[in-house]
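K.L.:
Structure provided below as structure tokens; questions to follow.
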């Protein structure tokens, strides 16, 4: 009986072992035939979405491709699939641009703007300053030696009127000329035609006497060693070279007067705008002291030489100043106005400047559906009111991306679209140069983000620089594992490394730092780049220090901006 029971148990064990082997074999077959790891009959790989997967990649090292999913060997994060557009998908998006689902469009907050015509003119602006009219300076001198007995204007800035007596001079040398003149007045028989009298009278004028003073000594019949100095023009005193009691030599300068009834506006025009300058073009002038008033004028003179320090050209505008509102030394904003014309335009913020060219991301298809985006190279002109003139590249009515274009541009770089765009412009470029351009990426990013791409032969430059630095980041805790010393963070962009915002896991040098952290805490953290084990792999990063954020996000961002290389 016992043997019978033992036999039954043995048979059941064998049966269960056989069933286990059978189902295990089936599971293995399914795994081997899984869409994620086994090509289907037509030679392509698909994932659960049903889309064709070209390869998997790490968003932080997009140039490195993998033939199956899993964790990135560079970062503690899952690899992302790169989808290929099906031939039936139509529109050739894969060749001309990239395709983005409507859900991704919504998540990225992509905004569009239409290419439209706007008015652009040969208008530009500059800064200037009010200066005295140099052709209205008057220097007052003496033509005979003497002494200053009295000054009627005593300080720089004092106003004077034309013909106003401004000084009185004692000149003993003048007595001889006056006595000669008075003597000739009594000798009518010698100077019958009066020519000698007129000659001596003119001599007194040349010495500085005016008609009124000559008439006074003629009437009195005796000479006077004193004579007055009178203002030749209205204005203000800009220089005063003497004081009462001072001695004067012949030709000495007493003072200088500036007539401010007309002034100059000297505008400093940047070198890039000098080609648009012409004599006679109209300008509109606004002063900080008179913001509600606009003064009009015309360009009267272009100075011949450029300022080598400021790289600007001085332009002169003459302005009447009867009300004396325009005072020398005032600063002004000057708007130069030329002819206007209609031209296509795009928002300036939509333009991605790569250093070698300017591109915009153009939308193709319906935004409500999964559509294509393609980069288009532009030739641009003027910029005005946050819009840039487009000379070639897009057509009126097309839609361009004004928000999120950098992310789309990164995807276009990954797909090789931008490399194809370069090849269209440079058809003689060889294949090796094409490969390098596809892997190098764009020289731009969020703000001043450096290149995220890495060549096949070298680690990317940002990681090289980070090996001996500790980039700082700001993020929010998603998950904490104190035992293993791991933390998952949703961090903001780290410009020093060229990382966009994303959620990723990190190892922490000292797991004790995680003891007081929980999900939802905002933290600051310092990253340390560990040298790669192999020369052809990028550096990995671990957290050297992590703590709850003490400063505001804005303060943190400022410190991160200040740390840019």
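Numbering (our numbering), first residue to last: 238 to 802. Cβ atoms here follow ideal geometry from the backbone N, Cα and C, with glycine treated the same way. Since we're looking at a predicted model, the values are computed, not measured.
Is it true that the CB of residue 554 sits closer than 7 angstroms to the CB of residue 502?
P.N.:
Their beta carbons are under 7 angstroms apart, which means residue 502 touches residue 554 by this criterion.
K.L.:
How would you call residue 509, buried or exposed, if buried means at least 16 neighbouring beta carbons within 10 angstroms?
P.N.:
It counts as exposed.
K.L.:
Pop quiz: residue 610 and residue 601 are said to be a contact at Cβ under 8 angstroms. What is the actual Cβ separation, rounded to whole angstroms?
P.N.:
7 angstroms between Cβ atoms; contact.
K.L.:
Pick out whichever of 711, 718, 709, 767 has its Cα sitting closest to the Cα of residue 749.
P.N.:
The candidate whose alpha carbon is nearest that of residue 749 is 718.
K.L.:
If you follow the beta strand (DSSP E) that residue 543 is in, where does it begin and where does it stop?
P.N.:
Unbroken beta strand (DSSP E) run through residue 543: 527-544.
K.L.:
Return the chain-ordered list of same chain residues with a C-beta closer than 7 angstroms to the C-beta of residue 356, the five sequence neighbours on each side being excluded.
P.N.:
The answer, listed in chain order, is 577, 579.
K.L.:
Following the continuous beta strand (DSSP E) through residue 474, name the residue where it begins and the one where it ends.
P.N.:
Run containing residue 474: 472-477, per the beta strand (DSSP E) assignment.
K.L.:
When DSSP builds the beta bridges, which residues end up paired with residue 444?
P.N.:
None; residue 444 has no bridge partner.
K.L.:
Less than 8 angstroms between the CB atoms is what I'm expecting for residue 745 and residue 712, so what's the real figure, rounded?
P.N.:
No, residue 745 and residue 712 are not in contact; Cβ-Cβ is about 13 angstroms, not under 8 angstroms.
K.L.:
Just verifying my parser: in three-state terms, what is the DSSP assignment at residue 270?
P.N.:
Confidence in residue 270 is poor, its pLDDT being 41 and thus under 50, which makes the residue's placement too unreliable to answer from.
K.L.:
Beta strand (DSSP E) containing residue 577: first to last residue?
P.N.:
577-584 is the span of the beta strand (DSSP E), which, as asked, contains residue 577.
K.L.:
Would you call residue 622 buried or exposed, if buried means 16 or more other Cβ atoms sit within 10 Å of its Cβ?
P.N.:
Answer is exposed; the Cβ neighbour count stays below 16.
K.L.:
In terms of residue numbering, what span does the beta strand (DSSP E) encompassing residue 415 cover?
P.N.:
Where residue 415 is concerned, there is no enclosing beta strand (DSSP E), although the alpha helix (DSSP H) it sits in stretches over 411-423.
K.L.:
If you scan the region 720-766 from start to end, which runs of the alpha helix (DSSP H) of 4 or more residues do you find wholly inside it?
P.N.:
None, since the region 720-766 contains no complete alpha helix (DSSP H) of that length.
K.L.:
If you scan the region 461-519 from start to end, which runs of the beta strand (DSSP E) of 3 or more residues do you find wholly inside it?
P.N.:
With a minimum length of 3 residues, the continuous beta strand (DSSP E) runs that stay inside the region 461-519 are 463-467, 472-477, 490-495, 499-507.
K.L.:
Thinking residue 595 and residue 617 are a contact (beta carbons under 8 angstroms), I'd like their distance in whole angstroms, please.
P.N.:
Residue 595 to residue 617, Cβ: 6 angstroms. Contact.
K.L.:
Mapping the DSSP letters down to three states, classify residue 640 as helix, strand or coil.
P.N.:
In the structure shown, residue 640 sits in a strand (DSSP, three-state: E or B).
K.L.:
Counting only the same chain and skipping the five closest in sequence on each side, list residues whose C-beta sits under 8 angstroms from that of residue 437.
P.N.:
Cβ neighbours of residue 437 beyond the five flanking positions: 414, 417, 418, 421.
K.L.:
According to DSSP, is residue 361 part of a helix, a strand, or is it coil?
P.N.:
Note: residue 361 maps to strand in three-state DSSP.
K.L.:
What residues in its chain sit with their C-beta under 7 angstroms from that of residue 304, if we drop five residues either side in the sequence?
P.N.:
So the qualifying residues of the chain are 292.
K.L.:
Compute the distance between the beta-carbons of residue 552 and residue 506, then report whether it is under 7 angstroms.
P.N.:
Yes, the Cβ-Cβ distance between residue 552 and residue 506 is below 7 angstroms.
K.L.:
Using only CA atoms, which one of 298, 317, 301 lies nearest to residue 307?
P.N.:
The candidate whose alpha carbon is nearest that of residue 307 is 317.
K.L.:
Should residue 409 and residue 462 be called a contact, given that it needs their Cβ atoms to be closer than 7 angstroms?
P.N.:
Yes. Within cutoff.
K.L.:
Taking just the CA atoms, how far does residue 371 sit from residue 470?
P.N.:
Their Cα atoms are separated by approximately 14 angstroms.
K.L.:
Contact check, residue 599 vs residue 636 under 8 angstroms by CB: the rounded distance?
P.N.:
Their Cβ separation, rounded to whole angstroms, is 7 angstroms, which keeps residue 599 and residue 636 in contact under 8 angstroms.
K.L.:
What residue range is occupied by the uninterrupted beta strand (DSSP E) comprising residue 570?
P.N.:
From DSSP, the beta strand (DSSP E) with residue 570 extends over 568-573.
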